[in-house]
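Novice:
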Amino acid sequence: MSAGAAPAGMRALPFTLVLIAIAAVIFLCGRWLGSSYAFFMGYVVLQYVVLGTAWNILGGYTGYVNFGVTAFFAIGAYSTVVLHKLVPATPLPVMMLIGGALAGLVGLGTGYLTLRLRGVFFSIATLALAVVVQTLITNWDFVGGARGVYVLRPRVAPLIGGEYVQYLFLMMLIMTVIVLVTARAIERSALGYGFAAIRDDEGAAEASGVPTLRLKLIATTLSGGFMGMAGAPLPYYVTYLDPASGFSLNYAVNAIAMPLIGGTSSWLGPVIGAVLVGGLQETLRVTISSAVNVLVAGVLMVAFVILAPQGIVGLFQRKRR
Amino acid sequence: MDGTANLLLNAIVSGLLLGGFYAAVSVGIAIAFGLLDIVNIAHPAFILLGSYVAFIGNSLWGIDPILAAIIALPAFYLLGMIVYQVYYVAFERRDDQSLRGLSFFFGLLFITEVGLVLGFGVDYRTVQAVYIGPSIKLGLFDLPLRLLVPFLVALVVVIGLQLFLSRTFIGRAVQAVAQDQQALRLMAANPTRIKRIAFGLSIATASLAGAFLIIIQPIEPSIGREYIGRIFAICVLGGLGSFPGMVIAAMTLGIAESLTATFFGPSWAPAVAFGILLITLAVRPSGILGR
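Top to bottom, those sequences are chains A and B. In this text, residue positions in the first sequence follow the working numbering: the first is 129, and each later residue adds one. In this text, residue positions in the second sequence follow the working numbering: the first is 192, and each later residue adds one.
1. Against Ser95/A, what residues of chain B qualify as contacts under a CB-to-CB distance less than 8 angstroms, listed in chain order?
2. Taking only beta-carbon atoms, is Ala263/B less than 9 angstroms away from chain A?
3. Given that a residue counts as buried once 16 or more other Cβ atoms are within 10 Å of its Cβ, and exposed if not, what is Met437/B?
4. Are the CB atoms of Gly442/A and Ser373/A within a distance shorter than 9 angstroms?
5. What does Val381/A reach in chain B if we use C-beta pairs closer than 8 angstroms?
6. For Ser477/B, count neighbouring C-beta atoms within 10 Å of its own C-beta (all shown protein chains included) and say buried if the count is 16 or more, exposed if not.
7. Excluding sequence positions up to five away, which residues of its chain have a Cβ less than 6 angstroms from the Cβ of Thr218/A?
8. Met121/A and Tyr171/A: beta carbons closer than 9 angstroms?
9. So, at 7 angstroms on beta carbons, what are the nonlocal neighbours of Leu341/A in its own chain, with the 5 sequence-adjacent residues on each side left out?
10. Does any C-beta atom of chain A lie closer than 9 angstroms to the C-beta of Asp333/B?
11. In three-state DSSP terms, what is Ala133/A?
12. Using a cut-off of 8 angstroms between C-beta atoms, extract the partners of Glu417/B located in chain A.
13. Does the segment 358-372 of chain A touch the segment 264-279 of chain A, meaning 3 or more C-beta pairs lie closer than 8 angstroms?
14. Mind checking Asn194/A: buried by the 16 CB within 10 Å criterion, or exposed?
15. Looking at the unbroken alpha helix (DSSP H) that takes in Leu296/A, where does it start and where does it end?
16. In the structure shown, what three-state DSSP assignment does Val313/B receive?
17. Taking the beta strand (DSSP E) that Ile327/B belongs to, which residues open and close that run?
18. Return helix, strand or coil for Leu334/B, following the three-state DSSP convention.
19. Hey, how far is the Cα of Ala245/B from the Cα of Ala260/B?
20. Using CA coordinates, which residue listed in Phe455/B, Leu377/B, Ile407/B is at the minimum distance from Tyr315/B?
21. When the distance is taken between beta carbons, is Ile252/A closer than 9 angstroms to Ala451/A?
22. Measuring only the C-alpha atoms, how far is Leu287/A from Leu156/A?
23. Output needed for Gly272/A: all residues of its chain with C-beta closer than 6 angstroms, excluding positions within five of it in sequence on either side, in chain order.
24. Determine the chain A residues that contact Arg420/B at a beta-carbon separation under 7 angstroms, and present them in chain order.
25. Quick one: does Pro476/B have its CB under 9 angstroms from some CB of chain A?
26. If I measure Cβ to Cβ from Gly322/A and keep anything under 6 angstroms in the same chain, skipping five residues before and after, which residues do I get?
27. Using a cut-off of 8 angstroms between C-beta atoms, extract the partners of Asp287/B located in chain A.
28. Between which residues of its own chain and Leu298/A is the CB-CB distance below 7 angstroms, once the five residues before and five after are set aside?
29. So, is the C-beta of Thr340/A closer than 9 angstroms to a C-beta in chain E?
30. Using only the alpha-carbon positions, how far apart do Val365/B and Ile232/B sit?
31. Three-state secondary structure (DSSP) at Val178/A?
32. If Thr132/B sits next to Leu428/B, beta carbons under 8 angstroms apart, how far is it from one beta carbon to the other, in whole angstroms?
33. Run through DSSP, which three-state label would Ile394/B get?
34. Can you look up Tyr278/A in the DSSP assignment and give me helix, strand or coil?
35. Put Leu287/A into one of helix, strand or coil per three-state DSSP.
36. Report the neighbours of Phe167/A on chain B: residues whose CB is nearer than 7 angstroms to its CB, in chain order.
Set out below in structure tokens:
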């Protein structure tokens with residue numbers, strides 16, 4: 129790891145700078161447009177870029193399927209609710225870090241208990257984890273229980289001024305840059321090769337001295353942590369959060385569908401998937417109905433895993449050859 | 192007899208009855224996951240589909256829900272064969288079961304759920320039958336017929352399937368597929384055909400389980416998700432592929448949930464299955480009667 133990390137970090141610098149530049153241009157364009165709808169919509173798409181990429185760090189790189197996206201996402205969201213009630217002055221970035229740390233710990237724990245077994249047991253455990261975290265939150269009156277909780281959004285954004293949603297958008301934009309840089313750095317580091325070895329043949333990897341359990345735990349923790357960070361600003365975005373909406377299956381389906389549609393082998397896949405599916409969903413929500421737009425991700429996911437298993441990125445790679 | 196002991200006994204009895212129902216819910220996964228190694232996480236969605244079939248038969252034509260499920264059995268069997276064929280062509284043959292195969296079933300689960308929401312809305316649905324409501328009093332025990340009837344039919348189904356698997360040619364072939372697919376091929380039997388039949392059976396059981404579900408409780412489309420944890424907890428605890436183990440595990444979970452609901456409140460019951468699942472995976476992953 130230490131031998132490969134330094135050059136990988138060097139190569140990551142131009143990429144990071146380009147991403148930051150793109151992010152800055154996007155944000156300035158948004159400011160120039162001045163439409164709060166654009167910020168609300170952009171936030172959703174970026175949230176899915178983060179969720180999809182986070183899922184892909186475990187699912188795409190190591191081949192372990194996490195169905196409990198909502199559990200990690202909601203842990204982030206509800207840790208913000210708790211902080212908002214106890215210490216309302218906590219700055220949002222701190223809340224995101226705390227939410228991410230908690231979700232990462234839960235990921236580590238679940239992984240530690242189940243990752244020594246066959247991969248499907250981990251998947252099943254994460255499915256059940258989503259139900260159990262929802263049960264805990266539903267029974268916890270302090271965060272509103274089944275009735276839900278109102279979180280008052282500050283009127284003005286700190287530091288940058290303007291509407292608060294711009295601040296939420298900016299936070300998610302920064303998150304996106306961090307997650308994408310991490311994902312790309314993993315892909316090109318010894319860690320990434322270890323992940324790929326696990327995905328292709330775990331037995332052979334283990335036999336060749338790859339510390340598979342440790343690598344899998346790193347992936348689960350990172351992936352869960354990023355999901356938690358993506359969920360942390362949610363209460364301020366929706367202003368009313370209840371278990372049914374916080375644990376909506378839509379989050380899980382979207383987070384899994386987007387990388388699979390875009391392509392799981394590279395950091396670009398989840399981005400393409402999120403922008404395409406997120407944009408399509410938003411268009412359908414406005415033009416047809418909100419019931420149909422949730423169906424889109426599921427149908428597209430099934431179609432893609434059957435017909436184009438390498439996703440959109442894979443389609444282009446095949447053409448180039 | 193003091194109140195707590197009476198409460199405890201009745202909780203255990205209703206837990207046992209609930210366990211019979213859980214066995215019917217899990218038997219499909221015991222076949223698909225335990226014998227065929229197909230992790231069909233969409234199974235609860237098929238069960239819910241069965242519930243809505245029973246609901247339609249009952250509300251439109253007044254058919255008994257269990258009878259409606261039996262009428263629908265061939266359709267579910269066919270549906271299962273089709274799903275397996277798609278799964279085989281798209282994933283099993285490409286040897287890509289883990290990531291994309293799982294996602295395929297997850298997509299099916301979601302599409303079915305949203306489809307049911309679009310078709311029936313999110314209102315709770317119930318069925319009418321003579322055995323819903325009254326209960327038999329046996330000394331101290333209260334046996335609600337609503338739980339007793341599914342319990343008895345479920346036991347018949349599980350025992351019938353066990354006999355089918357151990358006594359008939361096709362049934363033994365299914366067990367052979369579970370052990371060594373290659374050897375079966377050498378015996379000039381087509382493993383894909385055997386697996387298609389077995390998966391059809393697995394989905395057919397969902398039709399009956401769905402009827403039991405709507406008899407036991409009012410249903411709405413998202414309720415299936417609660418059963419994912421339960422089903423897999425039961426199959427893992429019982430030991431994959433072992434029917435007797437599965438029945439014991441189903442009863443254990445039924446009693447554990449019933450006790451939890453009685454003494455801590457029903458809203459905690461969904462967490463019990465997860466606890467059992469995690470403890471089993473951590474302590475004895477091969478289950479009670481594992482192979």
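Idealized CB from N, CA, C, for every residue including glycine.
Specialist: On the basis of the data shown:
1. Nothing about residue 95/A can be read from this structure; chain A reaches only from 129 to 449.
2. Counted from its first residue, the second sequence places residue 263/B at position 72. It does not; no Cβ of chain A falls within 9 angstroms.
3. On the second sequence, residue 437/B is found 246 positions in, with the first residue counted as 1. By the neighbour-count definition (other C-beta atoms within 10 Å, threshold 16), Met437/B is a buried residue.
4. Sequence index remark: in the first sequence, residue 373/A carries index 245 (1-based). Sequence index remark: in the first sequence, residue 442/A carries index 314 (1-based). Not closer than 9 angstroms, so no.
5. Position 253 of the first sequence, counted from the start, is the residue given in the question as residue 381/A. Against Val381/A, the close residues of chain B are Phe297, Gly298, Phe301, in the order they occur along the chain (beta-carbon pairs closer than 8 angstroms).
6. Stepping through the second sequence from its first residue, residue 477/B is reached at position 286. Counting of Cβ neighbours within 10 angstroms places Ser477/B among the exposed residues, the total staying below 16.
7. Here the question's residue 218/A lines up with position 90 in the first sequence. These residues qualify, in order along the chain: Leu211.
8. The structure shown does not extend to residue 121/A, since chain A spans only 129 to 449, so no value can be given for it.
9. For the purposes of this step, residue 341/A is identified with residue 213 of the first sequence, where counting begins at 1. Here the set comprises Leu243, Arg244.
10. Here residue 333/B refers to the residue found at position 142 when the second sequence is read from its first residue. Chain A, which has no Cβ nearer than 9 angstroms to the Cβ of Asp333/B, makes this no.
11. Start at 1 with the first residue of the first sequence, and residue 133/A comes out as number 5. Low confidence applies here, because Ala133/A scores a pLDDT of 44, under 50, leaving its location unreliable; read the following figure in that light. Residue state, collapsed to three classes: helix.
12. As a working note, residue 417/B is residue 226 in the second sequence. What Glu417/B touches in chain A: Val259.
13. The segment 264-279 of chain A vs the segment 358-372 of chain A: in contact.
14. Here residue 194/A refers to the residue found at position 66 of the first sequence. By the neighbour-count criterion, in which a residue is buried when 16 or more other Cβ atoms sit within 10 angstroms of its Cβ, Asn194/A is buried.
15. The sequence position of residue 296/A within the first sequence is 168, counting from 1. For Leu296/A, the enclosing alpha helix (DSSP H) begins and ends at 292-315.
16. Residue mapping note: residue 313/B aligns to position 122 of the second sequence, counting from 1. Reduced to three states, the DSSP call for Val313/B is coil.
17. What you label residue 327/B is simply residue 136 of the second sequence in a count that begins at 1. Segment 326-329, the beta strand (DSSP E) holding Ile327/B.
18. On the second sequence, residue 334/B is found 143 positions in, with the first residue counted as 1. Leu334/B: strand per DSSP, three-state reduction.
19. As a first step, residue 245/B must be located in the second sequence, where it is residue number 54. As a first step, residue 260/B must be located in the second sequence, where it is residue number 69. Going from the Cα of Ala245/B to the Cα of Ala260/B covers about 6 angstroms.
20. By one-based count along the second sequence, residue 315/B stands at place 124. Minimum Cα distance to Tyr315/B is reached at Ile407/B.
21. Nothing can be reported for residue 451/A: it is not among the residues displayed for chain A, which extend from 129 to 449.
22. Here the question's residue 287/A lines up with position 159 in the first sequence. Here the question's residue 156/A lines up with position 28 in the first sequence. The alpha-carbon atoms of Leu287/A and Leu156/A are separated by roughly 15 angstroms.
23. Position 144 of the first sequence holds residue 272/A. Answer for Gly272/A: no residue qualifies.
24. The count along the second sequence starts at 1 and reaches residue 420/B at position 229. The sequence shown places Gly at residue 420/B, rather than the Arg named in the question. Those within 7 angstroms of Gly420/B in chain A are Leu255, Ala256, Val259.
25. Locating residue 476/B in the second sequence gives position 285, counting from the first residue. Interface residue (Cβ-Cβ distance to chain A less than 9 angstroms): Pro476/B is classified as such.
26. To locate residue 322/A, count along the first sequence from 1; it is residue 194. Val338, Leu343, listed in sequence order.
27. Translated into positions along the second sequence, residue 287/B becomes position 96. Contact note: Asp287/B reaches chain A through Pro437, using a C-beta cutoff of 8 angstroms and chain order.
28. Against the first sequence, residue 298/A aligns to sequence position 170. Cβ-Cβ distances below 7 angstroms link Leu298/A to Phe155, Ile288 in the same chain, with the five nearest sequence neighbours on each side left out; the list follows chain order.
29. Here chain E cannot be found, since the structure's protein chains are A and B.
30. Counting from one through the second sequence, the residue named residue 365/B turns up at place 174. Counting from one through the second sequence, the residue named residue 232/B turns up at place 41. Using only the alpha carbons, I get a separation of about 20 angstroms.
31. Along the first sequence, read from residue 1 onward, the residue named residue 178/A stands at position 50. If DSSP states are grouped into helix, strand and coil, Val178/A belongs with the helices.
32. Residue coverage of chain B in this structure runs from 192 to 482, which leaves residue 132/B outside it and unanswerable.
33. Taking the second sequence and counting its residues from 1, the one referred to as residue 394/B is at position 203. DSSP places Ile394/B in helix when its eight states are reduced to three.
34. Here residue 278/A refers to the residue found at position 150 when the first sequence is read from its first residue. Strand at Tyr278/A.
35. Counted from its first residue, the first sequence places residue 287/A at position 159. Residue state, collapsed to three classes: coil.
36. Taking the first sequence and counting its residues from 1, the one referred to as residue 167/A is at position 39. Near Phe167/A there are no residues of chain B at all, since even the closest Cβ is about 28 angstroms away, more than 7 angstroms.
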